[in-house]
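Engineer:
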Amino acid sequence: MIRLPDIPLSTAVLHQLERWQAEVDAHSRFADRVEAAQRSFEHRNKPGNRTFAEVRSALTVMCSGAQRCGYCEDSAADEVEHIWPKDLYPERVFAWRNYLYACGSCNGPKNNRFAVFPRGTRKPVEVSRPRGTPVRPPPQGSPALIDPRHEDPMAFLMLELQDTFYFEPIAHKGTKNHARADYTLRLLRLNSREHLRQARENAFIGYRALLREYVSLREQSVSHDALSRCIHAIQRAPHFTVWKEMQRQHRQHPELRGLFRKAPEALGW
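Residue numbers (our numbering): 2 to 270.
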């Protein structure tokens with residue numbers, strides 16, 4: 002995961018989302034707000050709805066690669082995901098900053114699962130509501146899930162580039178940041194799905210080949226357009242986290258160190 006760019010919505014769409022949110026918030030009972038949030042979102046989040054057409058368009062621009070999932074970066078993103086689940090936090094059902102474009106493979110298992118850190122603790126507590134239990138507000142606390150709309154996942158996770166291509170927590174075990182990284186990896190199954198690990202390894206090979214090509218073209222003094230096409234190919238390739246890690250870790254990899262030394266501008270892409 003990488004931090005997603007902040008793409009603004011039009012004032013008209015933001016005001017419409019606020020009006021819909023106010024309708025949900027107007028219910029006095031929490032259970033009624035949850036029901037209203039579910040019903041209203043399902044009714045509005047449809048292809049023919051102009052407000053959500055703009056929402057989806059903005060979420061598409063945010064995506065890395067060709068409309069890739071904001072979590073795994075592998076599959077096509079086609080579901081408007083609530084980072085804070087609407088069934089637990091109806092006050093965020095129409096909050097623009099709570100939306101992310103996700104794939105079904107990530108959004109399905111995540112669904113309404115969520116965990117928070119109660120004040121003063123370093124261990125996350127699952128607040129998901131088991132089926133058939135009373136609809137009550139979840140316990141308060143800061144979120145365990147890393148939120149790519151508001152924070153940089155690369156501050157919590159590092160991708161191993163030489164062997165496993167697994168994500169690893171950066172912080173020491175026992176810290177809150179380690180717990181957040183671990184919870185995010187387990188909830189989204191970013192390491193346990195072998196096809197994701199393999200795709201990241203393949204992406205590394207592809208990015209390295211594109212960087213080699215760029216360096217070769219640069220040394221041949223080819224046209225600006227030819228170089229721009231190569232840059233664009235890198236910037237729109239899948240699993241952009243792999244590229245960002247290549248930039249971050251290039252000093253630890255002899256070949257990458259040499260390639261970036263020849264094309265230092267690539268460190269800024």
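Ideal Cβ positions, reconstructed from N, Cα and C, are used throughout, including at glycine.
Taking all protein chains shown into account, do 16 or more other C-beta atoms lie within 10 angstroms of the C-beta of Gln22, making it buried, or fewer, making it exposed?
Structural biologist: As a position in the sequence shown, residue 22 is number 21, starting the count at 1. Under this definition Gln22 is a buried residue.
Engineer: Would the stretch 250-268 count as touching the stretch 210-226 if we require 3 or more Cβ pairs under 8 Å?
Structural biologist: yes
Engineer: Give me, in chain order, the residues of the same chain whose beta-carbon lies closer than 7 Å to that of Phe42; leave out the 5 immediate sequence neighbours on both sides.
Structural biologist: For the purposes of this step, residue 42 is taken as the residue at position 41 of the sequence shown. So the qualifying residues of the chain are Lys87, Val94.
Engineer: What residues are listed by DSSP as bridge partners for Ala77?
Structural biologist: Translated into positions along the sequence shown, residue 77 becomes position 76. Answer is Arg69.
Engineer: Give the straight-line distance between the Cα atoms of Pro154 and Arg181, rounded to the nearest whole angstrom.
Structural biologist: In the sequence shown, residue 154 corresponds to position 153, counting from 1. In the sequence shown, residue 181 corresponds to position 180, counting from 1. Straight-line Cα distance between these residues: approximately 10 Å.
Engineer: Is there at least one non-hydrogen atom of the ligand ATP closer than 8 Å to the beta-carbon of Phe166?
Structural biologist: Among the components of this structure there are no ligands whatsoever, and the ligand ATP is therefore not found.
Engineer: Which first and last residues belong to the beta strand (DSSP E) in which Glu246 is found?
Structural biologist: As a working mapping, residue 246 is identified with position 245 in the sequence shown. Counted as a single uninterrupted DSSP element, the stretch harbouring Glu246 is not any beta strand (DSSP E) but the alpha helix (DSSP H) occupying residues 241-250.
Engineer: Are Phe157 and Thr185 close, meaning C-beta to C-beta below 9 Å?
Structural biologist: Your numbering for residue 157 matches position 156 in the sequence shown. Your numbering for residue 185 matches position 184 in the sequence shown. Closer than 9 Å, so yes.
Engineer: For Pro347 versus Leu5, is the C-beta distance shorter than 9 Å?
Structural biologist: Not covered by the structure: residue 347. The range shown for the chain is 2 to 270.
Engineer: Along the chain, where does the beta strand (DSSP E) containing Met159 start, and where does it finish?
Structural biologist: As a working note, residue 159 is residue 158 in the sequence shown. Met159 -> beta strand (DSSP E) spans 158-160.
Engineer: Given a threshold of 16 other Cβ atoms within 10 Å of its Cβ, counted over all protein chains shown, does Lys47 qualify as buried or as exposed?
Structural biologist: As a first step, residue 47 must be located in the sequence shown, where it is residue number 46. When all chains shown are included, Lys47 counts as exposed.
Engineer: Closest to Gly175 by C-alpha separation, out of Ala77, Pro125, Glu92, Asp226, would be which residue?
Structural biologist: On the sequence shown, residue 175 is found 174 positions in, with the first residue counted as 1. Residue Pro125 is the option with its Cα nearest to Gly175.
Engineer: Tell me the rounded alpha-carbon separation between Ser76 and Cys104.
Structural biologist: Counted from its first residue, the sequence shown places residue 76 at position 75. Counted from its first residue, the sequence shown places residue 104 at position 103. Roughly 6 Å separates the two Cα atoms.
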